[in-house]
Amino acid sequence: MGRNEDALAATTQGIDSLEYVVVDITNSADTTAAIAHIQQRHERLGVVINNAGRAPVQSLEDLDMAEFDRVYAVNVRGLVDVTRQALPLLKASRGSVINLSTSMVDNPMGTMSVCPSSKAAVN
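Those letters in the sequence shown? Residues 899 to 1021, per our numbering, in order.
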């Protein structure tokens, strides 16, 4: 699953056993449709790798709160929603969840104010 069809197609090109589904993880209906597609085609899921991330380069004082909401929608809410909806398939196959984060949680940068806090929520 991912939002960029061109990147997904390039990644899966030449590997017949891989397929992709384009999803906006900030849209719960998209996630529901993707999980239903996986369940219909495969009936189980071995792993979810949560690698979505939004990382605007802005200081806290310049941060627009709408951007703050977008970052948390992708980096936290989207991750939780994908994982929550995938749990039945993961349980059926005794699958795993891998959440990717960032070292900025422990070493924040002044121009990257919101991303580290959202990834700390994931950790």
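In this text, a Cβ means the ideal position worked out from N, Cα and C, and glycines have one as well.
Nearest-angstrom beta carbon gap, residue j and residue i [assumed within contact, 8 Å]
i: R942; j: R968; result: 32 Å between Cβ atoms; not a contact.
i: K1017; j: N949; result: Contact flag wrong, Cβ pair sits at about 12 Å.
i: T1009; j: Q956; result: 7 Å
i: G900; j: G944; result: Actually they are not in contact, since the Cβ atoms of G900 and G944 sit about 17 Å apart, beyond 8 Å.
i: S926; j: D979; result: 6 Å
DSSP three-state assignment for residue i, whether helix, strand or coil
i: V921; result: coil
Span separating the alpha-carbon of residue i from that of residue j
i: H935; j: A984; result: 11 Å
i: E937; j: L987; result: What sits at residue 937 in the sequence shown is Gln, not Glu. So the alpha carbons of these two residues sit roughly 7 Å apart.
i: T929; j: D914; result: 23 Å
i: K989; j: L958; result: 40 Å
i: I996; j: V920; result: 20 Å
i: D904; j: E917; result: 13 Å
Would you call the region 958–966 and the region 906–918 in contact, with 3 or more CB pairs under 8 Å? no
Quick one: complete alpha helix (DSSP H) runs, 4+ long, within the region 926–1010? 926–940, 963–970, 977–990
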